[in-house]
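Residue numbers (UniProt numbering), protein chains in the order written: chain A, 1 to 252; chain B, 1 to 290.
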């Protein structure tokens, strides 16, 4: 479960996200839609404190993930990021073997037992439907995989840490249509076990896979949520005129 | 018109490249041609006699290698740490990192004879090392630090930001990220810097005359004095009448050593990089096509 209360994100003096109050229910897929540059990705990365990596970034308001305050300085970002997996637009496996891609972070978080590690590796690769494709070449470089396989490996790598939440930043947009369909089916299959937030530019995809939708729009130079609710309601009867025009394809 | 301009420009660029390659080829061939007559196993295995006119250069090769070893042992860990610190300062324009970078730029432009005098005053006299392999090696370490730090820092910075984001999103510590992800990815660039540094160190004459000395006998320890090959070339060519042949032979050997060390450093780096990141060297090479 993710909840934000009047969340604003600044880069230096520039406000990127303004006053976002948002709720993503557990075990559901929540899609975040809106035009480019309206703060969707910034919003997403404030949820697992990836904004910490940018020195000028500053967060106001409250983010609550699984009933804990994300901003709480007593909680380490590493611990937070273990429960909140993140998938990026461009598949970014490390330049190492498929096996090490998955096991590196698991080892870092304390699991050293080789048998356990291999078991985790197999189970997450099965979860993403990659096991049969790679089981004979786990020690080959992950960079030899196709784009779609790489993205599924990145999802498996995140799943290996047993997160409860997955943040996905346009996970299909750098993939060809067939790989994109495979990853989309995978995301659907992960629903219920994980709380999923997915940023997407593909409105048809948002409508196909999400249970809830939040729509961002640029207002006075910063992103705001102008519409949110159950997917079908939002798409068929949007309240906000801009959202209605955007979904109808006449704006944005 | 356009195609004529294009052809002219290609011709100019092409001939410039050919000219540079030709100069290198000429130097190499000339050294080999003049030096090969004096090259022999005795030359490699025996100590010099008659001020170097006869005999070999065995102790000089040993001194050269020892000086290089001292320089690298001192400079590599220091430059790696310094470069890692500088590369961390990705977003800051000013502050200590900026000052340190500018200082290194200035240091890189200091003539080597000044390093020699500094090394003499500091290592030989102030620290009491006298004329020794140790003092010479440490002076060379100071001299190659800027180039090592510079290339290492750039290698570390060139690692795709994607890797850093992926590592952070998995909750990896900065230490793990650095040693398992950033460093392996940067190793080929670091090796290229190392090759430049070794080249400069092996070629260095001025800095060593003041610090390692120029006696031709084999040093008994790091505290002993010894003559490097570059100093030997200088001495044979300038101070010893009829020493030209031996100078050319030593130069030919020095160039050959340089080429071998370069090839070894590059291949070691790609192997180490592959090992650290858990893939084969072949994968590293195929990476650019993926």
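The beta-carbon is built from N, C-alpha and C at its ideal position, and this holds for glycine as well.
Could you tell me the distance, in whole angstroms, from the CA atom of residue 285 of chain B to the CA atom of residue 271 of chain B? To locate residue 285 of chain B, count along the second chain from 1; it is residue 285. To locate residue 271 of chain B, count along the second chain from 1; it is residue 271. Residue placement at residue 285 of chain B is flagged as unreliable, the pLDDT there being 46, under the threshold of 50; the coordinate-derived value follows with that caveat. Going by the C-alpha atoms only, they are around 11 Å apart.
Note down the Cα distance separating residue 237 of chain B from residue 243 of chain B, rounded to an integer number of angstroms. For the purposes of this step, residue 237 of chain B is identified with residue 237 of the second chain, where counting begins at 1. For the purposes of this step, residue 243 of chain B is identified with residue 243 of the second chain, where counting begins at 1. Between residue 237 of chain B and residue 243 of chain B, the C-alpha separation is close to 6 Å.
Hey, is residue 157 of chain B's beta-carbon within less than 9 Å of any beta-carbon in chain A? For the purposes of this step, residue 157 of chain B is taken as residue 157 along the second chain, with counting starting at 1. No, because no Cβ of chain A sits closer than 9 Å to the Cβ of residue 157 of chain B.
Compare the C-beta of residue 82 of chain A with all C-beta atoms of chain B and state if any pair is closer than 9 Å. Residue mapping note: residue 82 of chain A aligns to position 82 of the first chain, counting from 1. Taking a beta-carbon distance threshold of 9 Å, residue 82 of chain A counts as an interface residue toward chain B.
Taking C-beta pairs closer than 7 Å, name the residues in chain A that residue 181 of chain B reaches, listed in chain order. Start at 1 with the first residue of the second chain, and residue 181 of chain B comes out as number 181. Those are 94, listed as they occur along chain A.
Distance cutoff 9 Å, beta carbons only. Does residue 66 of chain A sit that close to anything in chain B? Residue 66 of chain A sits at position 66 when you count from the first residue of the first chain. Output row for residue 66 of chain A: interface = no.
Please decide whether residue 171 of chain B counts as near chain A, where near means a Cβ-Cβ distance under 9 Å. For the purposes of this step, residue 171 of chain B is taken as residue 171 along the second chain, with counting starting at 1. At least one chain A Cβ lies under 9 Å of residue 171 of chain B.
Rounded C-alpha distance that separates residue 227 of chain A from residue 24 of chain A: Stepping through the first chain from its first residue, residue 227 of chain A is reached at position 227. Stepping through the first chain from its first residue, residue 24 of chain A is reached at position 24. Taking the straight line from one Cα to the other gives about 14 Å.
Are the C-beta atoms of residue 162 of chain B and some chain A residue less than 9 Å apart? In the second chain, residue 162 of chain B corresponds to position 162, counting from 1. Answer yes: the Cβ-Cβ gap between residue 162 of chain B and chain A drops below 9 Å somewhere.
For residue 115 of chain A, the residue or residues it bridges with in DSSP: The residue you call residue 115 of chain A lines up with position 115 of the first chain. According to DSSP, residue 115 of chain A bridges with nothing at all.
By a C-beta neighbour count over all protein chains shown, 10 Å radius and 16 as the cutoff for buried, is residue 99 of chain A buried or exposed? For the purposes of this step, residue 99 of chain A is identified with residue 99 of the first chain, where counting begins at 1. It is buried - the Cβ of residue 99 of chain A has at least 16 other Cβ atoms within 10 Å.
Span separating the alpha-carbon of residue 106 of chain B from that of residue 146 of chain B: Taking the second chain and counting its residues from 1, one reaches residue 106 of chain B at position 106. Taking the second chain and counting its residues from 1, one reaches residue 146 of chain B at position 146. Spanning the two alpha carbons is a distance of roughly 9 Å.
My understanding is that residue 162 of chain B touches residue 90 of chain A, with C-beta atoms under 8 Å, so please give their C-beta distance in whole angstroms. One-based indexing of the second chain puts residue 162 of chain B at position 162. One-based indexing of the first chain puts residue 90 of chain A at position 90. Confirmed, about 6 Å.
Please tell me whether residue 216 of chain B has its Cβ less than 9 Å away from any Cβ of chain A. Here residue 216 of chain B refers to the residue found at position 216 of the second chain. Not closer than 9 Å to any Cβ of chain A, the Cβ of residue 216 of chain B fails to qualify, so no.
3-residue-minimum beta strand (DSSP E) runs that sit fully inside the segment 185-249 of chain A, ordered along the chain: 195-199, 212-219 and 222-230
Runs of 4 residues minimum, wholly inside the segment 118-157 of chain A: which ones carry the alpha helix (DSSP H) assignment? 131-134
Would you say residue 125 of chain A and residue 156 of chain A are within 9 Å of each other, going by their C-beta atoms? Taking the first residue of the first chain as position 1, residue 125 of chain A is located at position 125. Taking the first residue of the first chain as position 1, residue 156 of chain A is located at position 156. It is a contact, given that the beta carbons lie within the stated cut-off.
For residue 79 of chain A and chain B, any beta-carbon pair shorter than 9 Å? Your numbering for residue 79 of chain A matches position 79 in the first chain. At least one chain B Cβ lies under 9 Å of residue 79 of chain A.
Where residue 30 of chain A sits in the DSSP three-state scheme: The sequence position of residue 30 of chain A within the first chain is 30, counting from 1. In this structure, residue 30 of chain A counts as strand in the three-state DSSP scheme.
C-beta atoms of residue 195 of chain A and residue 26 of chain A nearer than 9 Å: Reading the first chain from its first residue, position 195 is the one you call residue 195 of chain A. Reading the first chain from its first residue, position 26 is the one you call residue 26 of chain A. Cβ atoms of residue 195 of chain A and residue 26 of chain A: closer than 9 Å.
Since residue 251 of chain B meets chain A, which of its residues come closer than 7 Å, beta carbon to beta carbon? Position 251 of the second chain, counted from the first residue, corresponds to residue 251 of chain B. Per Cβ cutoff of 7 Å: no residues; residue 251 of chain B is ~40 Å from chain A at best.
DSSP has residue 22 of chain A in a bridge; who is on the other side? Position 22 of the first chain, counting from 1, holds the residue named residue 22 of chain A. DSSP output for residue 22 of chain A lists A/4 as bridge partner(s).
DSSP beta-bridge partners for residue 14 of chain A? If you number the first chain from 1, residue 14 of chain A lands on position 14. In the DSSP output, where bridge partners are listed per residue, residue 14 of chain A has A/11.
State the start and end residues of the unbroken alpha helix (DSSP H) segment that holds residue 79 of chain A. Locating residue 79 of chain A in the first chain gives position 79, where the first residue counts as 1. Residues 77-83.
Applying a beta-carbon distance threshold of less than 8 Å, which residues of chain B neighbour residue 168 of chain A? Here residue 168 of chain A corresponds to residue number 168 of the first chain, with the count starting at 1. Those do not exist, as residue 168 of chain A stays about 11 Å from chain B at its closest Cβ, beyond 8 Å.
Apart from the five residues on each side of it in sequence, which residues of its chain come closer than 7 Å, Cβ to Cβ, to residue 225 of chain B? Position 225 of the second chain holds residue 225 of chain B. Answer for residue 225 of chain B: 131, 132, 212, 213, 215 and 219, listed in chain order.
With DSSP as the reference, identify every bridge partner of residue 48 of chain B, one or two as the case may be. Counted from its first residue, the second chain places residue 48 of chain B at position 48. Residue 48 of chain B is bridged to B/55.
Taking just the CA atoms, how far does residue 218 of chain A sit from residue 240 of chain A? Within the first chain, the letter at position 240 stands for residue 240 of chain A. Within the first chain, the letter at position 218 stands for residue 218 of chain A. Cα to Cα, the separation comes out at about 14 Å.
Between residue 247 of chain A and residue 197 of chain A, is the Cβ-Cβ spacing less than 9 Å? Counting from 1 along the first chain, the entry for residue 247 of chain A is found at position 247. Counting from 1 along the first chain, the entry for residue 197 of chain A is found at position 197. No. Outside cutoff.
My assumption, with CB atoms under 8 Å, is that residue 246 of chain B sits in contact with residue 52 of chain B. Please give the rounded CB distance. Numbered from 1 along the second chain, position 246 holds the residue referred to as residue 246 of chain B. Numbered from 1 along the second chain, position 52 holds the residue referred to as residue 52 of chain B. 5 Å between Cβ atoms; contact.
Please report how far the alpha carbon of residue 51 of chain A lies from the alpha carbon of residue 216 of chain A, in whole angstroms. Residue mapping note: residue 51 of chain A aligns to position 51 of the first chain, counting from 1. Residue mapping note: residue 216 of chain A aligns to position 216 of the first chain, counting from 1. In a straight line, the C-alpha of residue 51 of chain A is about 19 Å away from that of residue 216 of chain A.
Residue 2 of chain B, buried or exposed, once every other Cβ within 10 Å from all chains shown has been counted against 16: If you number the second chain from 1, residue 2 of chain B lands on position 2. Its Cβ having fewer than 16 others within 10 Å, residue 2 of chain B is exposed.
Nearest CA to the CA of residue 138 of chain B: which residue from B/7, B/210, B/32 and B/230? Taking the second chain and counting its residues from 1, one reaches residue 138 of chain B at position 138. Looking at the Cα atoms, B/210 is the closest of the given residues.
Excluding five sequence neighbours on each side, which residues of the same chain lie with their C-beta closer than 6 Å to the C-beta of residue 229 of chain B? Counted from its first residue, the second chain places residue 229 of chain B at position 229. The residues are 60, 64, 250 and 254.
Only counting the same chain, and skipping five residues up and downstream in sequence, which positions put a Cβ closer than 7 Å to that of residue 214 of chain A? Against the first chain, residue 214 of chain A aligns to sequence position 214. For residue 214 of chain A, the CB contacts under 7 Å within the same chain, skipping 5 residues up- and downstream, are 22, 30, 32, 225 and 228 in chain order.
Using a Cβ-Cβ distance cut-off of 9 Å, determine whether residue 312 of chain A contacts chain B. In this structure chain A extends from 1 to 252, so residue 312 of chain A is not present and cannot be described.
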